[in-house]
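Per the working numbering, the sequence shown starts with residue 104, numbered consecutively. Note that beta-carbon positions come from the ideal geometry of N, C-alpha and C, so glycine has one too. Presented below is the structure to which this report refers.
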Amino acid sequence: MMTPEQYMDSLRSLKKEVYFMGNRVENIVDHPAIRPHIHAASVTYRLGTDPEFVHLGEARSHLTGRPINRWTHIPQNQEDLVKKAQMLRVAGQITGTCFQRCVGMDALITLYTITWDMDRKLATRYHDRFRAFLIDTQDRDYMTVGAMTDPKGDRSKRPSQQHDPDLYVRVVGKDEKGIVVRGAKMHQTGAVNSHQILVMPGTGMSSEEREYAVSFAVPADAPGIVYVFGRQVNDSRKWEGKLDQGNPAYGVVGGEALIIFEDVFVPWERVFMCGETEFSGVLVDRFASYHRQNYGACKAGNLDVLIGASTSVSEMHGVLKAGHVRDKLAEMAHLVETMYSGALACSYHCSILESGVAFVDPIIANTSKYNTARYYPEVTRLAQDVAGGFIATIPSEQELDNPRVAAYIRKFYKTGESVDPVERIKLGRLIENMTGATPIVECMHGAGSPQAQRVVVQRSIDWNGKKQLARSIVEGAEIPSASGGHTG
Ligand code: SF4
Ligand code: FE
Numbered sequence: 104m105m106t107p108e109q110y111m112d113s114l115r116s117l118k119k120e121v122y123f124m125g126n127r128v129e130n131i132v133d134h135p136a137i138r139p140h141i142h143a144a145s146v147t148y149r150l151g152t153d154p155e156f157v158h159l160g161e162a163r164s165h166l167t168g169r170p171i172n173r174w175t176h177i178p179q180n181q182e183d184l185v186k187k188a189q190m191l192r193v194a195g196q197i198t199g200t201c202f203q204r205c206v207g208m209d210a211l212i213t214l215y216t217i218t219w220d221m222d223r224k225l226a227t228r229y230h231d232r233f234r235a236f237l238i239d240t241q242d243r244d245y246m247t248v249g250a251m252t253d254p255k256g257d258r259s260k261r262p263s264q265q266h267d268p269d270l271y272v273r274v275v276g277k278d279e280k281g282i283v284v285r286g287a288k289m290h291q292t293g294a295v296n297s298h299q300i301l302v303m304p305g306t307g308m309s310s311e312e313r314e315y316a317v318s319f320a321v322p323a324d325a326p327g328i329v330y331v332f333g334r335q336v337n338d339s340r341k342w343e344g345k346l347d348q349g350n351p352a353y354g355v356v357g358g359e360a361l362i363i364f365e366d367v368f369v370p371w372e373r374v375f376m377c378g379e380t381e382f383s384g385v386l387v388d389r390f391a392s393y394h395r396q397n398y399g400a401c402k403a404g405n406l407d408v409l410i411g412a413s414t415s416v417s418e419m420h421g422v423l424k425a426g427h428v429r430d431k432l433a434e435m436a437h438l439v440e441t442m443y444s445g446a447l448a449c450s451y452h453c454s455i456l457e458s459g460v461a462f463v464d465p466i467i468a469n470t471s472k473y474n475t476a477r478y479y480p481e482v483t484r485l486a487q488d489v490a491g492g493f494i495a496t497i498p499s500e501q502e503l504d505n506p507r508v509a510a511y512i513r514k515f516y517k518t519g520e521s522v523d524p525v526e527r528i529k530l531g532r533l534i535e536n537m538t539g540a541t542p543i544v545e546c547m548h549g550a551g552s553p554q555a556q557r558v559v560v561q562r563s564i565d566w567n568g569k570k571q572l573a574r575s576i577v578e579g580a581e582i583p584s585a586s587g588g589h590t591g
């Protein structure tokens with residue numbers, strides 16, 4: 104397993120084509136816009152190797168028996184799923200932001216199960232290939248981008264009906280050596296600082312859309328792959344100073360990027376789906392459930408940090424004993440624990456797939472993500488409420504070195520004998536950073552927009568079973584045996 108330092112160094116040898124603000128980034132590791140995100144991802148390596156955290160971050164490969172980082176592990180049982188959620192909450196507490204590696208983890212888990220299912224039903228030969236890829240990933244301790252979201256174009260049209268056929272990743276060539284793929288994946292978390300990309304279809308494909316039903320892995324610096332790193336609110340603060348960043352060590356959300364595939368060659372041994380349209384929908388749903396499990400955990404960890412900052416600032420302001428402030432802080436904690444409860448519940452309420460892999464309860468996982476998209480903004484609203492308006496008007500950190508006003512800043516930002524005004528400003532900046540636009544949009548749409556979770560829940564609930572329950576009650580009959588939709 105790699106240590107955080109080894110992970111960061113390992114990225115130096117990758118020859119990626121990355122663009123940010125109009126320029127090619129030759130050295131991603133030391134670039135001020137990218138380095139904080141790399142540092143956040145390195146925490147996943149810390150959890151795998153630091154004795155304080157290995158009880159969560161280390162697992163044993165079910166394929167080789169060797170110790171591996173849990174971010175590359177395929178969950179074998181309920182305990183593995185619970186540990187996944189616990190690990191994400193801890194990593195969220197350490198970073199206060201997204202640590203990016205879970206998308207690849209969930210892609211690995213999903214492809215492991217789907218290749219098994221496809222081979223059983225269609226007599227394909229994908230699973231052995233995937234196992235070889237997985238063992239390599241585990242042994243090298245690679246970080247993987249799980250690339251699912253296509254540009255999608257007009258959302259009312261199918262992939263094959265778009266004005267431009269490249270709006271979903273597709274196969275444009277095929278020979279005895281492999282396939283050639285074209286298109287793009289958008290909003291890719293951790294893309295520029297991963298070692299490899301694992302591409303999945305972005306939606307269920309119809310039987311005429313065989314070229315779009317494609318899954319494959321490529322090295323992150325394979326020829327023809329171009330990255331465009333996205334901007335975030337206040338990102339220029341990363342190269343203007345330190346204090347005003349709020350969270351100077353780590354990034355804001357996942358350092359998402361657009362990945363462009365310019366006719367990229369993929370050898371057959373790294374192709375895990377090619378034309379099996381009937382499995383594309385189940386692949387997307389399964390991946391979504393595994394990834395939606397996470398959000399109640401990683402975001403709970405992030406919000407633990409926000410609750411801490413809000414409590415400290417309230418204390419500095421002398422309002423911590425006020426009943427309404429205590430109520431609001433308690434409400435924040437209740438919402439956070441509700442989010443985490445969903446992540447744990449879908450893990451405890453798991454099933455074992457035919458491939459032997461533990462699968463979260465999809466209805467609870469989707470509900471948990473849905474709640475997270477609702478509660479996260481509510482917790483940030485409460486944080487802004489208790490922290491006060493000062494978080495929106497703090498002078499720049501440069502004024503602390505401005506001889507004309509520095510003493511005044513310290514004087515007027517000091518709220519009490521024992522309060523360090525710079526500490527107060529730092530906490531205010533952290534609250535500003537965590538409650539701004541980018542994290543809220545990410546928790547809304549990351550792992551799929553809320554509407555996607557509603558659709559899954561609406562179609563999975565046993566509505567007739569629930570009607571029957573009501574009918575039995577009004578008729579005074581015995582309650583029928585449980586029939587899905589979480590009656591037991
Ligand atoms: Fe992991 Fe959460 Fe980031 Fe997704 S949003 S990659 S689950 S930390
Ligand atoms: Fe995310």
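- Segment limits, beta strand (DSSP E) that includes LYS277: For the purposes of this step, residue 277 is taken as residue 174 along the sequence shown, with counting starting at 1. Counting along the chain, the beta strand (DSSP E) containing LYS277 begins and ends at 273–277.
- Query: If you measure from the CB of PHE202, is any heavy atom of the ligand SF4 nearer than 8 Å?
  - Reply: Start at 1 with the first residue of the sequence shown, and residue 202 comes out as number 99. Yes; taking the cut-off as 8 Å, the Cβ of PHE202 has a heavy atom of the ligand SF4 nearer than that.
- Message: So if DSSP puts GLU120 in a beta bridge, which residue, or which two residues, is it bridged to?
- Response: Looking up residue 120 in the sequence shown gives position 17. Beta-bridge partners assigned by DSSP to GLU120: VAL329.
- Between the Cα of GLN561 and those of ASN469, ILE494, THR483 and MET547, spot the shortest distance and give me the residue it belongs to. Locating residue 561 in the sequence shown gives position 458, where the first residue counts as 1. Of the candidates ASN469, ILE494, THR483 and MET547, the one whose C-alpha sits nearest the C-alpha of GLN561 is ASN469.
- When the Cα of HIS158 is compared with those of LEU166, THR167, LEU191 and VAL132, which residue comes out closest? Taking the sequence shown and counting its residues from 1, one reaches residue 158 at position 55. Shortest Cα-Cα distance from HIS158 to any of LEU166, THR167, LEU191 and VAL132 involves LEU191.
- Per-residue DSSP class, three states only, for GLN291: If you number the sequence shown from 1, residue 291 lands on position 188. GLN291 falls in the strand class under three-state DSSP.
- Query: Cβ of ARG169 within 9 Å of Cβ of GLY281?
  - Reply: Locating residue 169 in the sequence shown gives position 66, where the first residue counts as 1. Locating residue 281 in the sequence shown gives position 178, where the first residue counts as 1. No; because the gap between Cβ atoms is not below 9 Å, this pair is not in contact.
- Task: For GLY307, I'd like the list of residues in its chain whose CB is within less than 7 Å of its CB, leaving aside the five on either flank, ordered along the chain.
- Result: The residue labelled residue 307 in the question sits at position 204 within the sequence shown. Annotation for GLY307: SER383, GLY384 and VAL387 place their beta carbon closer than 7 Å to its own, counting only its chain and skipping 5 residues before and after.
- Item | Whole runs of the beta strand (DSSP E) within the region 389–454, excluding any shorter than 3 residues | Listed in chain order, there is nothing to give.
- Name the one or two DSSP bridge partners that CYS377 has. For the purposes of this step, residue 377 is taken as residue 274 along the sequence shown, with counting starting at 1. Note: CYS377 sits in a beta bridge opposite VAL317.
- Query: Tell me the DSSP bridge mates of PRO247?
  - Reply: Looking up residue 247 in the sequence shown gives position 144. In the sequence as displayed, the identity of residue 247 is Thr instead of Pro. THR247 has GLN299 as its beta-bridge partners, per DSSP.
- Message: What residue range does the alpha helix (DSSP H) around ALA188 cover?
- Response: Locating residue 188 in the sequence shown gives position 85, where the first residue counts as 1. Residues 181–198.
- Rounded to a whole number of angstroms, what is the C-alpha to C-alpha distance between THR147 and TRP219? Here residue 147 refers to the residue found at position 44 when the sequence shown is read from its first residue. Here residue 219 refers to the residue found at position 116 when the sequence shown is read from its first residue. THR147 and TRP219 have their C-alpha atoms roughly 28 Å apart.
- Is ASN126 helix, strand or coil by DSSP? Taking the first residue of the sequence shown as 1, we reach residue 126 at position 23. Judged by DSSP in its simplified three-state form, ASN126 adopts strand.
- Item | Beta-carbon proximity list for GLU343, same chain, < 6 Å, skipping 5 on both sides | Your numbering for residue 343 matches position 240 in the sequence shown. Within the same chain, and ignoring the five residues on either side of GLU343 in sequence, no residue has its Cβ closer than 6 Å to its Cβ.
- Query: Considering only C-alpha positions, which residue in the set ASP338, ARG138, ILE362 and ARG313 is nearest to CYS610?
  - Reply: Only positions 104 to 591 of the chain appear in this structure, which leaves residue 610 out of reach.
- Residues near ILE197 by beta carbon distance below 7 Å, same chain, minus five either side: Taking the first residue of the sequence shown as 1, we reach residue 197 at position 94. Counting only Cβ-Cβ distances below 7 Å, and skipping sequence neighbours, we find VAL146.
- Item | Segment limits, alpha helix (DSSP H) that includes SER533 | Along the sequence shown, read from residue 1 onward, the residue named residue 533 stands at position 430. Just to set this straight, residue 533 is Leu in the shown sequence, not Ser. Its alpha helix (DSSP H) spans residues 524–537.
- Message: Considering only the alpha carbon of each residue, which of GLN181, LYS402 and GLN241 lies closest to ALA476?
- Response: For this step, residue 476 is matched to residue 373 along the sequence shown. With distances taken between Cα atoms, ALA476 lies closest to LYS402.
- Query: By DSSP, does PRO135 sit in helix, in strand, or in coil?
  - Reply: In the sequence shown, residue 135 corresponds to position 32, counting from 1. DSSP places PRO135 in coil when its eight states are reduced to three.
- Using a Cβ-Cβ cut-off of 6 Å (strictly less than) and excluding sequence neighbours within five positions of TRP371, which residues of its own chain qualify? Residue numbering aside, residue 371 sits at position 268 when the sequence shown is read from its first letter. Within the same chain, TRP371 has close Cβ partners GLY281.
- Message: Using C-beta distances below 7 Å, list every residue in its chain close to GLY404, excluding the 5 sequence neighbours before and after it, in chain order.
- Response: Position 301 of the sequence shown, counting from 1, holds the residue named residue 404. Setting aside the 5 residues that flank it on each side, GLY404 is surrounded in the same chain by LEU191, ARG192, VAL193, ALA194, GLY195 and GLN196, each with a C-beta closer than 7 Å to its C-beta; the list follows chain order.
- Own chain, CB closer than 6 Å to MET616, minus 5 neighbours either side, in chain order: Outside the shown range of the chain, which is 104 to 591, sits residue 616, and nothing can be said about it.
- Message: Measuring straight from C-alpha to C-alpha, what distance separates GLY445 and HIS290?
- Response: Taking the sequence shown and counting its residues from 1, one reaches residue 445 at position 342. Taking the sequence shown and counting its residues from 1, one reaches residue 290 at position 187. One C-alpha to the other measures close to 25 Å.
- Item | Cβ-Cβ distance between MET246 and VAL408 below 9 Å | Numbered from 1 along the sequence shown, position 143 holds the residue referred to as residue 246. Numbered from 1 along the sequence shown, position 305 holds the residue referred to as residue 408. No; because the gap between Cβ atoms is not below 9 Å, this pair is not in contact.
- State the DSSP-derived secondary structure class of ASN172, mapped to helix, strand or coil. Within the sequence shown, residue 172 is the residue found at index 69, counting from 1. In the three-state scheme derived from DSSP, where H, G and I count as helix and E and B as strand, ASN172 is classed as strand.
- Task: Hey, could you find the ends of the alpha helix (DSSP H) PRO465 is sitting in?
- Result: Here residue 465 is taken as the residue at index 362 of the sequence shown, counted from 1. Element bounds for PRO465: 465–490.
- Item | GLU365 - DSSP class collapsed to helix/strand/coil | As a first step, residue 365 is located in the sequence shown; it is residue number 262 there, counting from the start. Strand at GLU365.
- Message: Is GLY50 near the ligand SF4 - that is, is its Cβ less than 8 Å away from at least one heavy atom of it?
- Response: In the structure as shown, the chain begins at 104 and stops at 591. Residue 50 is therefore absent and cannot be evaluated.
- Query: Apart from the five residues on each side of it in sequence, which residues of its chain come closer than 7 Å, Cβ to Cβ, to ARG232?
  - Reply: One-based indexing of the sequence shown puts residue 232 at position 129. Hits under 7 Å: GLU372 and PHE375.
- Task: List in chain order: all unbroken alpha helix (DSSP H) runs of 4+ residues lying wholly within the region 554–578.
- Result: Counting only runs of at least 4 residues, the region 554–578 fully encloses the following alpha helix (DSSP H) elements, listed from N- to C-terminal order: 566–578.
- Message: Looking at the ligand FE, does it come within less than 8 Å of VAL374, judged from the CB to the closest heavy atom?
- Response: Reading the sequence shown from its first residue, position 271 is the one you call residue 374. Set against 8 Å, the gap from the CB of VAL374 to the closest heavy atom of the ligand FE is not smaller.
- Task: Would you kindly check if the distance between the Cβ of MET251 and the Cβ of LYS224 is under 9 Å?
- Result: Locating residue 224 in the sequence shown gives position 121, counting from the first residue. Locating residue 251 in the sequence shown gives position 148, counting from the first residue. No, the pair does not count as a contact, with Cβ atoms beyond the cut-off.
- Less than 8 Å between the CB of HIS394 and some heavy atom of the ligand SF4, yes or no? Residue mapping note: residue 394 aligns to position 291 of the sequence shown, counting from 1. HIS394: yes, Cβ under 8 Å from the ligand SF4.
- Task: May I ask you to verify whether the region 448–462 touches the region 473–487, counting CB pairs closer than 8 Å and requiring at least 3?
- Result: With a cut-off of 8 Å, the region 473–487 and the region 448–462 do not count as touching, because too few Cβ pairs lie within range.
- Report the option in ALA580, ALA400, ILE328 and SER339 whose CA atom is closest to the CA atom of GLU365. Sequence index remark: in the sequence shown, residue 365 carries index 262 (1-based). If we check each option's Cα against that of GLU365, ILE328 comes out closest.
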